[in-house]
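Visitor: Can you read through this structure? Questions will come right after.
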Amino acid sequence: MNGKKILFVSSELVPYLPQNEVSLMSYETPRMVNSNGGQIRIFMPRYGNINERRHQLHEVIRLSGMNLVINDMDMPLIIKVASIPRERIQVYFIDNDEYFKRKATFTDTDGNLFPDNDQRAIFFAKGVVETVKKLNWSPDIIHVHGWLASLLPLYLKKYYADEPLFNASKIVTSVYGKSFEGELDSDMIKKVSFDGIPEDSIQDLKAPNYNNLLKIAVDNSDAVILAAEDIPEDLQSHISNLEKPVLPYVTLQEFEEAYANFYNTEVLK
């Protein structure tokens, strides 16, 4: 991985959120790349339940201040950064008071999905790309983790298709086990198509459940990693029919060699 530039985009990351499959692998994978001489950038949302003082988050004024249009509304983009001390890894946080100030990640105290999770996902995808553009950093690989980040491959392939910074970037999506029940807002397809993305390319968003969000992600990716053993059968079947590289599930103890080899021999070939 020496000298390769990899952008990691995740909906969850330890140590900022509790450990689960997504948050752990979103930490372990960039740590592995970093320790093997790769250049990395990590992006995640700045949820309101992240303790800014404890983790020493601070706003980056030169990257903040832009407005992103989400469903015909101007939403201010705030960028914060922090470092994971023992690994000397910097993390960029996508923030907005309307979408991320609440003291929770995806659901309210009763376990109900937030009604604006679809808009939060659109904002996150656009916010990451616009910030990387400001950094003028062209990644060799863009590795996506977690369902709230699942619109990024679509936006890169459709909305930002003419952006030269990402012309040579390869997109990898890690697919995990089903992480929410039910569906996001039923008008999600209209909100995405508002950005000029053809509806015929996002028909799965007519029923924006977990499986369909990940289908959209893998369809617009260059390669797929199965990051869990318990991937839903419908989603597993969809992935098996793709004509693109797929890395089968490997354990945490085996992942370093498997992921590095997959990056080098399948994604960057």
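If you read the sequence shown in UniProt numbering, its first letter stands for residue 1, the second for the next number, and so on. Glycine included, each C-beta is placed from N, C-alpha and C at the ideal position.
1) Taking just the CA atoms, how far does E233 sit from V128?
2) Thinking C-alpha only, which one of Y27, P115, E163 and E21 is nearest S138?
3) Does the Cβ of N211 have 16 or more other Cβ atoms within 10 Å, making it buried, or fewer, making it exposed?
4) State yes or no: is the C-beta of P153 within less than 7 Å of the C-beta of E183?
5) Are the stretch 82-96 and the stretch 141-149 in contact at 8 Å, needing three or more beta carbon pairs?
6) In angstroms with no decimal places, state the Cα-to-Cα distance between N241 and T173.
7) I'd like the span of the alpha helix (DSSP H) that includes S35, first residue to last.
8) Tell me whether R41 sits in a helix, a strand or coil according to DSSP, three-state version.
9) Over what stretch of residues does the alpha helix (DSSP H) that includes L135 continue unbroken?
10) Could you pull the start and end residues of the alpha helix (DSSP H) that L258 belongs to?
11) Going by other Cβ atoms of all chains shown within 10 Å of its Cβ, with 16 needed for buried, is D95 buried or exposed?
12) Can you say whether L252 is buried or exposed, counting buried as having 16 or more other CB atoms within 10 angstroms of its CB?
13) Would you tell me roughly how many angstroms separate the C-alpha atoms of A260 and L235, rounded to the nearest one?
14) What residue does the beta strand (DSSP E) around L68 start on, and which one ends it?
15) Have a look at F123, F166, L135 and A161 and flag the residue whose alpha-carbon is nearest the alpha-carbon of H143.
16) Find the nearest neighbour of V69 within the set Q119, A82 and M44, judged by alpha-carbon distance.
17) Which residues does DSSP list as the beta-bridge partners of V9?
18) For P30, tell me which candidate among Y249, V91, L57 and F180 has the shortest Cα-Cα distance.
19) Short of 6 Å in beta carbon distance, which residues of its chain neighbour A125, apart from the five on each side in sequence? Order them along the chain.
20) Consult DSSP for V14 and reduce its assignment to one of helix, strand or coil.
21) Mind checking whether E266 and Y249 have CB atoms under 7 Å apart?
22) Decide if N264 is buried, meaning its Cβ has at least 16 other Cβ atoms within 10 Å, or exposed.
23) Cα separation between D72 and N112?
24) Alpha carbon to alpha carbon, what distance is there between S221 and S169?
Guide: Short version:
1) 31 Å
2) E163
3) buried
4) no
5) no
6) 16 Å
7) E21 to S35
8) strand
9) N117 to L135
10) In the sequence on display, residue 258 carries Ala and not Leu. Here the alpha helix (DSSP H) through A258 covers F255 to F262.
11) buried
12) exposed
13) 25 Å
14) N67 to I70
15) F166
16) Q119
17) F43 and V144
18) V91
19) L151, L152 and Y155
20) coil
21) no
22) exposed
23) 26 Å
24) 10 Å
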